[in-house]
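Numbering (the working numbering), first residue to last: 706 to 956.
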Amino acid sequence: MKYADAMAANPEVINSLRQLGLNQYEAKAYYALANFGVHTAGELAERSELPRPRIYDVLTELQDKGFVLIQHGRPVKYAALPIGEAVKTLKKQRQNSLVEELKKMEELSSSLSSKIKTQTAPTPSMDEAIWTLRGREAIYSKIASMISAAKKHVLIATDEQGWRRKQEIHGKELEKAAKRGASVTVIAPVAKPQLSQALHLPKELPSRIVMADDQALVFLSPKDAKEDEETALWLKNPHFVETLKQTLKKD
706 MKYADAMAAN PEVINSLRQL GLNQYEAKAY YALANFGVHT AGELAERSEL
756 PRPRIYDVLT ELQDKGFVLI QHGRPVKYAA LPIGEAVKTL KKQRQNSLVE
806 ELKKMEELSS SLSSKIKTQT APTPSMDEAI WTLRGREAIY SKIASMISAA
856 KKHVLIATDE QGWRRKQEIH GKELEKAAKR GASVTVIAPV AKPQLSQALH
906 LPKELPSRIV MADDQALVFL SPKDAKEDEE TALWLKNPHF VETLKQTLKK
956 D
């Protein structure tokens with residue numbers, strides 16, 4: 706079977722390989738090796754219809770990414786690793802890269818914290834305004850900040866799925882808040898919140914809400930919204946929060 710025929714029989718393969726992170730030349734070279742076996746660089750360039758001056762760079766990249774094996778000799782020969790092995794190697798590389806990137810972000814955060822003094826003291830504009838948050842990660846970061854700062858009370862009103870998610874993500878923060886002496890109230894249609902020292906009201910409300918001391922966060926998006934479409938309002942107003950808290954407990 707010719708390379709062009711193999712490509713015609715599986716036109717989606719190159720696109721799938723590119724989604725894994727290979728460029729066009731790398732995808733074509735790997736596909737040729739996987740389909741037709743061991744090749745020299747020159748043979749592979751001809752087989753995969755790639756520019757001969759580029760083939761060594763392409764093969765070096767494929768080796769670095771864990772997609773090919775090299776047999777040193779005269780001439781040097783190349784073979785494709787099974788795609789399952791290649792993907793495992795690629796995943797491990799990505800995981801290591803992500804760990805390093807996150808570590809660097811933490812280091813930058815610590816460095817910038819001493820140089821950038823963000824205003825955190827209450828101001829009239831912050832107390833009176835209602836702020837919009839978009840994206841589940843941004844919303845959950847705000848919830849984490851609210852719970853961590855809570856000294857008096859935390860109230861979470863949500864559905865069963867939402868409570869499972871919040872318990873998984875914010876469970877430790879809620880436990881710490883309770884140990885600090887903050888009262889924790891969970892309003893959710895679950896048999897037991899699995900959270901020590903929490904007041905549980907087993908009912909479901911039409912809105913999903915998180916309150917902590919004088920802060921309130923109200924979800925606007927539907928329960929089945931995609932992560933990047935999740936939207937919420939956040940405000941800091943002790944009178945509003947107290948009124949809302951009493952209303953929720955009575956309903």
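Built from N, CA and C at the ideal position, the CB exists for glycine as well.
1) Between the region 862-879 and the region 936-950, do at least 3 Cβ pairs fall closer than 8 Å?
2) Tell me which residue opens and which closes the alpha helix (DSSP H) that H905 is part of.
3) Which residue wins for smallest C-alpha separation from T745, given the options I848, S926, I775 and E731?
4) Quick one: is S814 buried, meaning 16 or more other Cβ sit within 10 Å of its Cβ, or exposed?
5) On the three-state DSSP scale, how would you describe L938?
6) Determine the direct distance from the alpha carbon of Y845 to that of R752, and round the result to whole angstroms.
7) Quick check on DSSP: helix, strand or coil for S888?
8) For L795, which residues of its own chain have a beta-carbon under 7 Å away from its beta-carbon, when the five flanking residues on both sides are left out?
9) Could you round the C-beta distance between G840 and D919 to whole angstroms and report it? I think they count as a contact, below 8 Å.
10) Compute the Euclidean distance between the alpha carbons of K733 and E805, then round it to the nearest angstrom.
11) Pick out whichever of S912, L860 and T765 has its Cα sitting closest to the Cα of A882.
12) What does DSSP give as the partner residue(s) for A834 in the beta ladder?
13) What distance in whole Å lies between the Cβ atoms of I821 and A917, which are believed to be in contact at a cut-off of 8 Å?
14) Can you give me the start and stop residues for the beta strand (DSSP E) that I861 sits inside?
15) From the DSSP output, read off the bridge partner residues of R839.
16) On the three-state DSSP scale, how would you describe L774?
17) When DSSP labels each residue in this structure, what does I821 get in the three-state scheme?
18) How should A739 be labelled, buried or exposed, when 16 other C-beta atoms within 10 angstroms of its C-beta is the threshold for buried?
19) Going by the DSSP bridge assignment, what does A917 pair with across the sheet?
20) State the DSSP-derived secondary structure class of A826, mapped to helix, strand or coil.
21) Does the Cβ of W836 have 16 or more other Cβ atoms within 10 Å, making it buried, or fewer, making it exposed?
22) Which value, in whole angstroms, describes the spacing of the CA atoms of L803 and T952?
23) Suppose the cutoff is 7 Å on Cβ atoms and the five residues either side in sequence are ignored; what does the same chain contact list for Q768 look like?
24) Looking at the structure shown, is K782 part of a helix, part of a strand, or coil, going by DSSP?
25) Quick one: using the 10 Å Cβ neighbour count with 16 as the cut-off for buried, is I874 buried or exposed?
26) Count the other CB atoms within 10 Å of the CB of A750; is the residue buried (16 or more) or exposed (fewer)?
Considering the structure as presented:
1) Contact annotation: the region 862-879 does not touch the region 936-950, with fewer than three C-beta pairs closer than 8 Å.
2) Per DSSP, H905 belongs to no alpha helix (DSSP H); it is in the beta strand (DSSP E), A903 to L906.
3) Residue I775 is the option with its Cα nearest to T745.
4) It counts as exposed.
5) L938 falls in the strand class under three-state DSSP.
6) R752 and Y845: Cα-Cα distance of roughly 52 Å.
7) In the structure shown, S888 adopts extended strand secondary structure according to DSSP, grouped into three states.
8) Once the five neighbours on either side are set aside, the close Cβ partners of L795 are L725, G726, K770 and G771.
9) In fact, because the Cβ distance is near 24 Å, the residues do not count as touching under 8 Å.
10) Straight-line Cα distance between these residues: approximately 30 Å.
11) The candidate whose alpha carbon is nearest that of A882 is L860.
12) Secondary-structure assignment with DSSP links A834 through no beta bridge to anything.
13) With a Cβ gap of about 25 Å, A917 and I821 do not count as contacting.
14) H858 to A862 is the extent of the beta strand (DSSP E) around I861.
15) R839 pairs with T936.
16) It is a strand residue.
17) Looking at I821 - three-state DSSP - the assignment turns out to be coil, as it is neither helix nor strand.
18) Buried.
19) According to DSSP, which records beta bridges pairwise, A917 is partnered with V859 and Q920.
20) Reliability fails at A826, whose pLDDT of 49 lies under 50, so the model's placement of it is uncertain and the value that follows must be treated cautiously. In this structure, A826 counts as coil in the three-state DSSP scheme.
21) Result: exposed.
22) About 45 Å.
23) Answer for Q768: I775, listed in chain order.
24) Strand at K782.
25) That one is exposed.
26) By the beta-carbon neighbour count (other beta carbons within 10 angstroms, threshold 16), A750 is buried.
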